[in-house]
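For reference, the structure is listed below as structure tokens.
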Amino acid sequence: MGRRRVAGLRREELASLAGVSSDYYVRLEQGRERNPSPQVIDALATVLHLHEEATTHLHRLTRPGTVRRTARSERVSPNLLRLLESWPGTPAVVLDRYYTVLADNELGAALYGGHPHSGDLVRMLFLDPDAHRFFLDWERVAENTVAGLHAAAGLDREDPRLVELVGELSLHSTEFVRLWARHDVRRKAHESKRFFHRQVGEMTLSYETFSVHSAPGQQLMVYRAEPGSPSAEALALLGSLNAPAVTRPDSSHHRG
């Protein structure tokens with residue numbers, strides 16, 4: 126048998142392992158089979174070795190009756206804005222499902238400030254020429270961000286904002302095209318990031334992401350540095366360099 130040009134299972138092999146016909150699998154792949162059973166989806170997920178979150182995403186994609194949302198301007202609740210304000214020493218940002226910054230506190234704004242796309246973290250990653258220098262682990266950050274976009278796309282694949290974003294990035298970034306084609310599905314949760322900030326140098330910050338249940342699709346991202354570490358010193362310096370000259374009643378920024 127000759128060597129294959131492309132690694133991986135052929136369609137007919139995948140179909141056979143999943144217990145469906147090749148014709149059925151082709152119809153499913155091309156979107157002509159609208160209502161596959163949960164058992165078929167589970168079988169395909171097993172053959173493809175999908176993890177739990179990707180399997181859930183696949184079920185969501187094939188679920189009939191998905192309601193399409195129209196584009197809208199999202200607002201951050203006053204209570205959440207006050208919460209951001211109460212963390213002067215902690216960078217915090219509120220993002221929508223496509224990583225647009227809806228609100229931030231002073232230190233959150235300072236962390237991403239000075240970049241052309243500081244209010245849009247996906248465009249910042251792929252369109253800012255300084256992104257590879259700012260994100261010291263750029264590839265890992267980009268992989269996780271694009272996987273998060275795929276997870277968001279499962280909620281509404283025809284959202285005009287998503288179509289516009291993917292189209293723009295596909296035209297201007299071959300790196301985005303490469304990662305988008307992988308179809309990884311993964312939501313941001315917690316990990317650490319290494320930054321090289323133009324004002325204070327290198328910092329390693331861990332973060333946690335929380336879903337805002339009062340506003341589905343919004344997420345709160347909170348950063349911290351290890352106490353007593355050089356990163357904590359750099360973060361404190363960043364805060365002092367960007368402290369407002371006059372204390373304002375509300376130091377959180379709403380970008381809606």
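381 is the number that the working numbering gives the last residue of the sequence shown; the numbers go up by one with no jumps.
We treat Cβ as the ideally placed atom computed from N, Cα and C, and that holds for glycine.
Here the alpha carbons of Gly-244 and Glu-283 stand approximately 23 angstroms from one another. Distance between Pro-241 and Ser-339, taken at the CA atoms: about 30 angstroms.
For Ala-256, the secondary structure class from DSSP, reduced to helix, strand or coil, is helix. Contact check for Met-346 against Leu-209 fails: the beta carbons are separated by 8 angstroms or more. Secondary structure of Ser-336 (DSSP, three-state): strand.
Taking the Cα positions, Glu-333 is about 19 angstroms away from Val-201. DSSP places Glu-358 within a helical segment (H, G or I) once states are collapsed to three.
In the structure shown, Gln-164 adopts helical secondary structure according to DSSP, grouped into three states. DSSP, reduced to helix, strand and coil, places His-242 outside both helices and strands of the structure shown, so it counts as coil. For Ala-277, the enclosing alpha helix (DSSP H) starts and ends at 263-278. Nearest to Leu-206 by alpha-carbon distance, out of Ser-147, Thr-171, Asn-230, Gly-353, is Asn-230.
Where Ala-217 is concerned, there is no enclosing alpha helix (DSSP H), although the beta strand (DSSP E) around it starts and stops at 217-220.
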